[in-house]
Each structure stands twice: as C-alpha cells, then as structure tokens.
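Right, one structure below, let's go through it.
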Amino acid sequence: MINSAWHNLISLAPYALSHEEKAAIFAKYGNELVKHHYEHCQPYQNILDFFHLTEQTFEQAPPLHTSMFKLHELRSIQQNDVFKVTTSSGTTGQQVSKIYLDKTNIARQQKILSSIVKEWLGNKRLPMLIIDHPNVIKDRFSYSARGVGIQGLSLFGHHHTYALNEDMSINWPCVEGFIEQYKDEKIFIFGFTFMVWQYLLQLLDKNQKRFELSNALLLHSGGWKKLIDQAVSNEQFKTTAQQYLGAVNVHNFYGMVEQTGTIHVECEQGHLHCPTWSDVHVVSPDNLIPLPIKKSGIIELHSLLPTSYPGHKILTEDTGFLVGIDDCPCGRKGKYFQVTGRVKRAEIRGCSDTQS
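Residues in the sequence shown are numbered from 1 upward in steps of one, following UniProt numbering.
Below is the structure:
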C-alpha cells in the first residue's frame with residue numbers, strides 16, 4: 001500500500017499545494033506510513049508501545065531525535081534488501097547516524113529531489129562545478145552526508161568538475177579551465193557552505209582572482225556554525241559570491257541525511273520552503289508542542305519519503321522559527337521558515353563544519 005500510494009504523490013508539483021491541502025495528504029498517507037514502520041521495524045514498534053498511543057496516527061506518533069539513528073539500527077526492510085547505507089556528518093570519534101535504504105526508497109528520493117531542484121535549475125542539465133574533491137564519493141555502498149549531497153545533485157549536471165584536490169587545496173587549472181569553457185553558458189555550482197567560503201571564495205580574495213560568469217546558480221548547504229563564528233552572514237556570503245564569481249544566483253538549502261530527498265531551498269526572498277512531500281513544525285524545547293509563527297524553538301521535520309527506515313518525523317538539533325504559511329511574496333505555497341542556530345551543546349555535524 002505504501003509504495004502504490006507514491007504513484008499519486010510523485011506527480012504533485014513541489015510548491016503548488018496550500019498548507020490545508022497538504023495537511024490532508026499527510027493525514028492520509030502519513031497514517032499509513034506510521035503503521036508501515038510499526039509493523040516492519042521492531043525498535044520503532046517498541047517506541048510507540050512505550051507511549052501507549054490510543055491510535056497509531058501520524059499526528060500522535062512522537063518524533064525521533066536524530067540521535068536515535070546513531071544508537072539504534074532503525075530499518076523497516078530486511079537486511080538483504082539494504083542497497084545503501086548513508087551516514088551523517090561527524091568528526092572523528094563521534095557516532096554517526098546510519099540510514100538504511102533499499103532501491104525503491106533511493107529511486108523515490110531521486111525523483112522527489114529532481115522535482116524540487118528543477119524548480120530552481122530548470123529542466124536542462126547544466127555544466128557543473130563541485131566545490132569538493134572526487135574521492136568523497138568513492139565508496140558506492142556507504143556514503144557520508146557530503147557524498148550523498150554530491151551524488152544526488154550531480155544528476156542535474158554534466159561535465160562534472162571537482163574544484164579541489166584531496167588535500168582540500170584548490171585545483172586552479174581545473175577551475176579556470178571549466179570557467180573559461182562555460183563562462184557564456186548557464187552553469188551549476190554546488191558545495192557545502194563553509195567549504196565554498198573557505199576553499200573557493202576566500203582563496204579568490206587572497207589570490208586577487210575574479211571570474212566573470214554570465215549566468216550561474218550556486219546551491220549550497222550545511223554547516224553555518226563556522227561562518228557565524230567568523231561573523232559571516234547569509235547576505236555577506238551572497239555578496240561575496242557575486243563579487244568574485246560574477247552574475248550568480250545564490251540559494252542556500254536546508255536538509256539532512258535522515259530525510260534525504262526532501263530539501264528546503266531558500267527562495268528569492270531569503271525564506272526556506274517546505275516542498276509538497278515535507279512539513280516543518282517549530283516546537284517548544286520544554287514540551288515539544290508546536291509554536292506559533294515567529295516564535296523560536298526546535299525544528300521538527302516531517303516527510304512522507306522514508307519507507308525503508310522510520311525517518312518520517314525527526315526532531316533535529318537545530319533552532320528556528322516559522323516565518324509564514326502560504327503567503328510568501330515569492331508565490332510558493334506552504335510553510336516557510338528560518339534556521340537560526342543549533343540547540344546548545346549539540347554536536348557539530350553540519351557537512352562543512354565537520355570538514356573544517
């Protein structure tokens with residue numbers, strides 16, 4: 001039943017449904033998802049039984065803290081159906097989340113990611129510059145969060161060019177050759193936030209280099225902590241990118257390995273948007289009750305995408321607030337929000353923070 005439902009869900013537009021319309025979808029398919037994981041994942045069943053729920057509904061099911069995926073093997077598929085295991089960011093010695101994926105869930109992630117990203121890139125694959133080194137995706141069975149991000153977004157590019165060497169030094173001949181070849185075309189640049197800042201933009205500044213791109217889109221994500229420590233704001237990041245790269249549209253996005261596929265991209269107004277297949281609640285740190293618009297709390301992410309593991313309701317270690325619902329000036333429907341920081345004493349686990 002879970003897999004057949006996706007024939008209807010995949011065809012939906014990413015930002016066309018109102019919050020009320022999306023709530024009806026979550027009520028129907030979310031309930032099926034909770035029952036699916038209850039029946040196929042024993043640790044998840046134990047959690048729900050512990051809370052003595054009167055109904056196994058999406059609304060009543062408690063969110064799983066991200067640490068649960070570090071401490072327990074949470075999967076709703078048989079071991080021999082595991083096709084890939086993805087892991088969260090983590091410094092040496094830290095435990096990492098392990099996310100178990102089968103081929104069906106991976107294919108679905110790619111389709112949903114494609115629907116979201118095409119909203120920003122268009123339908124045509126673009127020349128792609130990746131601000132990382134190629135060895136980050138060398139293990140085809142087990143990907144880190146960085147590898148997952150690169151592998152997923154590489155589907156929207158061609159002539160993939162890695163800007164960095166394995167020691168994180170910039171490969172100037174490679175980068176300059178790519179820029180020269182495609183400077184008059186629309187190009188796609190992707191990297192994790194701090195890495196783009198430190199290993200590209202800061203080196204362009206240090207070496208007094210500037211590229212004159214005519215039409216580029218820079219998509220970046222993850223690990224703002226190091227930039228905040230350096231007093232680098234989102235606006236300064238964008239301004240610096242445009243100063244050294246030329247005509248480039250810069251979009252941050254928010255996502256995590258526990259809910260790969262349903263990313264939340266920053267619109268032209270600077271707001272992060274929930275696509276059709278995901279939702280966000282900002283909850284009180286005291287009782288996890290959802291907070292009203294503009295009230296800061298802990299970010300709780302909902303997604304209809306995870307079927308091979310119980311990642312449909314995640315309590316993150318990030319703080320933020322809802323900006324509004326259905327009324328963003330950009331025209332996209334649904335909730336839109338801001339991320340403001342990390343819960344105190346949370347591990348540093350953003351992809352680029354970990355690298356730094």
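Ideal placement from N, C-alpha and C gives every residue a C-beta, glycine not left out.
Neighbour-count burial assignment, residue i, 16 or more Cβ in a 10 Å radius
i	result
K295	exposed
Q338	buried
F141	Caution applies to F141, whose pLDDT of 49 falls short of 50 and renders its modelled position unreliable; the model cannot decide the point.
C328	buried
L305	buried
F50	exposed
N80	exposed
H158	exposed
Q259	buried
P62	exposed
S76	buried
D205	exposed
Q236	exposed
K124	exposed
K118	exposed
N46	exposed
C330	exposed
L213	buried
S284	exposed
Q109	buried
S278	buried
residue 362	Given a span of 1 to 356 for the chain in the structure shown, any question on residue 362 remains unanswerable.
R342	buried
E73	exposed
G177	exposed
H7	exposed
N287	exposed
N207	exposed
H271	buried
L71	exposed
T87	buried
L17	buried
Residue i in three-state terms, based on DSSP
i	result
Q208	coil
V323	strand
V339	strand
G331	coil
Y44	helix
L155	helix
Y309	coil
L301	strand
L64	strand
E39	helix
L33	helix
I25	helix
residue 363	Nothing can be reported for residue 363, as the shown portion of the chain is limited to 1 through 356.
D318	strand
Y15	coil
I293	coil
F50	helix
K344	coil
F69	helix
E55	coil
Distance cut-off 7 angstroms: residue i Cβ against heavy atoms of the ligand GDP
i	result
I77	Because no ligand of any kind appears in the structure shown, any question about the ligand GDP cannot be addressed here.
Per DSSP, the bridge partner or partners of residue i
i	result
L164	I170
Three-pair Cβ contact test at 8 angstroms for the segment 157 to 173 versus the segment 199 to 215: yes
Those runs of the beta strand (DSSP E) which lie wholly inside the segment 72 to 147 and span at least 3 residues: 84 to 87, 98 to 101 and 126 to 130
Segments assigned alpha helix (DSSP H), at least 4 residues, entirely inside the segment 171 to 205: 172 to 182 and 193 to 196
contact_flag[the segment 296 to 303, the segment 35 to 46] where n(CB pairs < 8 angstroms) is 3 or more: no
Continuous beta strand (DSSP E) assignments of at least 3 residues falling wholly in the segment 206 to 290: 213 to 221, 246 to 254 and 278 to 283
Inter-stretch contact (C-beta, 8 angstroms, three-pair minimum) for the segment 326 to 335 and the segment 97 to 109: no
Three-pair Cβ contact test at 8 angstroms for the segment 158 to 167 versus the segment 125 to 136: yes
At least 3 beta-carbon pairs within less than 8 angstroms: the segment 172 to 186 vs the segment 283 to 293: no
Stretch-stretch touch, CB-based, cutoff 8 angstroms, three pairs: the segment 143 to 157 with the segment 110 to 120: yes
Touch test, the segment 302 to 321 against the segment 64 to 78, Cβ-Cβ under 8 angstroms, three pairs minimum: yes
Touch test, the segment 51 to 58 against the segment 24 to 38, Cβ-Cβ under 8 angstroms, three pairs minimum: yes
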